[in-house]
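Let me begin by presenting the structure, written as structure tokens, before commenting on it.
Spelled out as structure tokens, the structure:
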């Protein structure tokens, strides 16, 4: 079932296959896959083949993230049929449970010098019977760039 969607990119060094469809249509009709930078070309093939098997012709969405600090991204460990189909089939039967944090392509993500991962949040808007959800994929910056309430906390953290 389609849902309204929008996106925002704070870091210009970021690739999302299918983002133009989201921008133009404002709808999400398929699962969103996230993979590391060097495997970003593997999952789109899986998505297309999987969609054809399911008689679904919707545009696929594949988000990349650089996780090379802790992950062997040059090892070509993501295999099209082996992982792509399995991930998509699991998503259909998982009752919308999303793994967060230190899993999958999020294993090697770092923001502002700290280990991070993917986070989600959702709120039900009762008066209009909508669910608002957000997925945050944070992967940017150095510790000295951390600023909270106009205080350069990153500089203080580096002193300790």
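Residue numbers (my numbering): 1315 to 1474.
For every residue, glycine included, the Cβ atom is placed at its ideal position computed from N, Cα and C.
In this text, all values refer to a predicted model and were calculated from it rather than measured experimentally.
- For residue 1379, there is no enclosing alpha helix (DSSP H); the enclosing beta strand (DSSP E) covers residues 1375 to 1379.
- The residue from 1369, 1454 and 1438 with its alpha-carbon nearest to that of residue 1448 is 1438.
- Membership of residue 1329 in any alpha helix (DSSP H) is not indicated, and neither H nor E is assigned to it by DSSP.
- Straight-line measurement puts the Cα of residue 1379 at about 16 Å from the Cα of residue 1428.
- Residue 1354 and residue 1393 have their C-alpha atoms roughly 11 Å apart.
- If you check the CB distance, residue 1346 and residue 1375 come in under 8 Å.
- DSSP places residue 1399 within a helical segment (H, G or I) once states are collapsed to three.
- By the CB criterion at 8 Å, residue 1424 and residue 1377 fall outside the cutoff.
- Residue range 1356 to 1367 is occupied by the alpha helix (DSSP H) that includes residue 1366.
- Distance from the CA atom of residue 1360 to the CA atom of residue 1472, rounded to whole angstroms, is 43 Å.
- Membership of residue 1347 in the beta strand (DSSP E) is indicated by the continuous run 1346 to 1350.
- Distance from the CA atom of residue 1451 to the CA atom of residue 1382, rounded to whole angstroms, is 15 Å.
- Annotation: the continuous alpha helix (DSSP H) that includes residue 1473 extends over 1467 to 1473.
- Taking residue 1430 as the centre and dropping the five residues before and after it, the same chain places the C-beta of 1423 and 1452 closer than 6 Å to its C-beta, in chain order.
- Look at residue 1390 here: in three-state DSSP terms it is coil, with no helix or strand label.
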